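Asker: Before I ask anything, here is the structure I am working with.
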Amino acid sequence: MSKAPGILGERESYPDYLHLSGKRVELKGLFVDNRELKLKRPPTRREPSARLKENVTMEVIDTKRDVLLIAAVQLKEYNDFCSPYIVDLAVLSMVECIKARDKRLIDTGGKWINGLPKVSKI
Numbered sequence: 033m034s035k036a037p038g039i040l041g042e043r044e045s046y047p048d049y050l051h052l053s054g055k056r057v058e059l060k061g062l063f064v065d066n067r068e069l070k071l072k073r074p075p076t077r078r079e080p081s082a083r084l085k086e087n088v089t090m091e092v093i094d095t096k097r098d099v100l101l102i103a104a105v106q107l108k109e110y111n112d113f114c115s116p117y118i119v120d121l122a123v124l125s126m127v128e129c130i131k132a133r134d135k136r137l138i139d140t141g142g143k144w145i146n147g148l149p150k151v152s153k154i
């Protein structure tokens with residue numbers, strides 16, 4: 033894979049990578065807590081999701097080539113040091129992910145503002 037030129041801006045571009053197969057890949061990390069490690073933890077649980085940003089819409093994706101790659105990462109101890117390890121991977125259709133995100137938005141009372149999905153504050 034190689035870094036994609038990006039179509040949505042310099043800092044947070046979309047997609048992240050181009051694959052030899054022609055697929056365009058958006059990479060998201062999903063943190064998996066390792067309860068065996070003696071680490072300071074926040075008072076509330078971390079959100080385990082790999083969130084798909086609101087600027088990734090049907091208008092900017094290539095419906096035939098775009099995929100979402102989720103890497104589940106967990107800290108593990110080795111020789112008294114902690115290192116991140118990939119413990120699982122998933123490759124999902126970007127079209128299906130956007131449809132699911134937008135359906136959830138509608139189901140929970142969200143709306144589109146200037147072409148971007150927004151969650152209404154309750």
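Take the numbering used here: the final residue in the sequence shown is number 154, and no numbers are missing along the way. Ideal Cβ positions, reconstructed from N, Cα and C, are used throughout, including at glycine. Please read all numbers here as calculations on a predicted model, not as lab measurements.
Should the stretch 43 to 55 be regarded as contacting the stretch 88 to 107, the criterion being three or more beta carbon pairs within less than 8 Å?
Answerer: They touch, by the three-pair rule.
Asker: Going by C-alpha to C-alpha distance, which of K143, L107, S53 sits closest to G61?
Answerer: L107
Asker: Give the range of the alpha helix (DSSP H) segment to which E109 is assigned.
Answerer: It is not in any alpha helix (DSSP H) - E109 instead sits in the beta strand (DSSP E) that spans 98 to 110.
Asker: Going by DSSP, name the residue or residues bridged to D120.
Answerer: A104
Asker: Roughly how many whole angstroms lie between the Cα atoms of S115 and S125?
Answerer: 30 Å
Asker: Looking at the secondary structure, which residues open and close the beta strand (DSSP E) in which K143 lies?
Answerer: 143 to 145
Asker: Can you tell me whether I130 is buried or exposed? The criterion is at least 16 other CB atoms within 10 Å of its CB, across all chains shown.
Answerer: By the Cβ neighbour-count rule, I130 is buried, with 16 or more other Cβ atoms within 10 Å of its own.
Asker: What residue from R133, P75, R83, D65 has the CA that sits closest to L101's CA?
Answerer: R83
Asker: Which word fits I93, buried or exposed, when buried means at least 16 other C-beta atoms lie within 10 angstroms of its C-beta?
Answerer: buried
Asker: Alpha carbon to alpha carbon, how far is L137 from E58? Give it in angstroms, no decimals.
Answerer: 21 Å
Asker: I think V64 touches V105, with their Cβ atoms under 8 Å apart; what is that distance to the nearest whole Å?
Answerer: 7 Å
Asker: Got a sec, what are the start and stop residues for the alpha helix (DSSP H) R56 sits in?
Answerer: Taken as a continuous stretch (DSSP letters only), R56 belongs to no alpha helix (DSSP H), being part of the beta strand (DSSP E) at 56 to 63.
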